[in-house]
Amino acid sequence: MHFNILTIFPEMFPGTLGGGVVGRAMNNGVWSYDAINIRDFAHDNYGSVDDEQFGGGVGQVMRPDVLGDAIDSIKNRGKIIYFSPRGPRLTQKMVREFAANKDANYTLVCGRYEGIDERIIEEYDIMELSIGDYILSGGEIAAQVFIDSVVRVMDNVLGGGADATANESFEIGGLEWPLYTRPSAWRGRNVPEVLLSGHHGNIERWRKQQSDEITKQRRPDLIKENEK
Ligand code: SAH
46 MHFNILTIFP
56 EMFPGTLGGG
66 VVGRAMNNGV
76 WSYDAINIRD
86 FAHDNYGSVD
96 DEQFGGGVGQ
106 VMRPDVLGDA
116 IDSIKNRGKI
126 IYFSPRGPRL
136 TQKMVREFAA
146 NKDANYTLVC
156 GRYEGIDERI
166 IEEYDIMELS
176 IGDYILSGGE
186 IAAQVFIDSV
196 VRVMDNVLGG
206 GADATANESF
216 EIGGLEWPLY
226 TRPSAWRGRN
236 VPEVLLSGHH
246 GNIERWRKQQ
256 SDEITKQRRP
266 DLIKENEK
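Residue numbers (the numbering used here): 46 to 273.
Here it is as structure tokens:
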């Protein structure tokens, strides 16, 4: 999988993506990226990428001519995604779909200022994608969230095979059950007996019941989602 990242801050990559299992996957060739500096395509000597809004109002907008040239410079663009609060919110189901083709290319546009000129979105038939209902100062963190979540569900990225991702929150139709490890007793708190019993049927039932309970309490919307 390859990501072309369009940004005015290429030095922000790989950032968090250089560590942990996703960083290891990069070193193993599972994925690669190019961080392309939009400023390199500026039409003036100052490296201007933004200008004031037509119609007035505070905040600058990224120019379509500069961004368009930056996009045109990419050979294998694949699907083009612009991170934006206006897009559908990224879900684990969408993450799975993006991860399905291990040879896919994605071009990720990181906005800054107030965002990008609307004509760019039309011209390149760009998909908008949000990572949540809040406003970031730029799309770079969103791009890292996207790459991290997509790469970690790809084959051979996590130890433990398919099981490692299949049993997680959202994948199981709700939120995860409580997790415990050694020591079995800590500051007077004991690990639930059933988990030490070795009885797989009981353990599975307990986890399912805990997961259902936690989901009902914290995220009833997920239950409704599954009933659709
Ligand atoms: N004026 C815009 C917000 C601009 S924030 C609005 O009101 O919708 C600047 C940039 O940060 C955006 O262009 C986008 O690329 C990124 N960004 C901000 N919040 C985001 C979110 N929730 N999800 C994805 N990207 C986001």
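Note that the Cβ used here is the ideal one computed from N, Cα and C, for glycine as well.
Check                                                                                                                                                                    : Outcome
Can you tell me the Cα-Cα spacing of residue 51 and residue 160, whole angstroms?                                                                                        : 13 Å
Please classify residue 108 as buried or exposed, where buried requires at least 16 neighbouring CB atoms within 10 angstroms.                                           : buried
Rounded to whole angstroms, what is the Cα-Cα separation between residue 115 and residue 202?                                                                            : 31 Å
Quick one: what's got a C-beta closer than 8 Å to residue 83's C-beta in the same chain, skipping five residues either side?                                             : 51, 52, 53, 94, 107, 111, 112 and 115
What residue from 175, 68, 147 and 206 has the CA that sits closest to residue 153's CA?                                                                                 : 175
Taking 6 Å as the cut-off, is the CB of residue 153 close to at least one heavy atom of ligand 1?                                                                        : no
Consider the Cβ of residue 53: report whether some Cβ of chain C lies at a distance smaller than 7 Å.                                                                    : Here chain C cannot be found, since the structure has a single protein chain.
For residue 252, I'd like the list of residues in its chain whose CB is within less than 8 Å of its CB, leaving aside the five on either flank, ordered along the chain. : 222
Cα-Cα, which of 225, 147 and 155 is closest to residue 197?                                                                                                              : 147
How many Å lie between residue 103 and residue 263 at the Cα?                                                                                                            : 38 Å
Is it right to say residue 62 is buried, meaning 16 or more other beta carbons lie within 10 angstroms of its own, or is it exposed?                                     : buried
Would you say the beta carbon of residue 159 is closer than 6 Å to some non-hydrogen atom of ligand 1?                                                                   : yes
Would you mind sorting residue 254 into buried or exposed? The rule is 16 or more other CB atoms within 10 Å of its CB.                                                  : exposed
If the criterion is Cβ atoms closer than 7 Å, does the pair residue 184 and residue 151 meet it?                                                                         : no
Tell me, which residues are paired with residue 47 by DSSP?                                                                                                              : 77 and 150
Which of the three DSSP states is assigned to residue 159 in this structure?                                                                                             : coil
Below 8 Å on the Cβ atoms is my contact criterion, and I expect residue 195 with residue 143 to pass it. Report the Cβ-Cβ distance as a whole number of Å.               : 5 Å
Does the distance from the CB of residue 121 to the CB of residue 79 come in under 7 Å?                                                                                  : no
When the Cα atoms are used, what is the spatial distance from residue 47 to residue 70?                                                                                  : 12 Å
Can you round the beta-carbon distance between residue 134 and residue 177 to whole angstroms, since I take them to be within the 8 Å contact cut?                       : 6 Å
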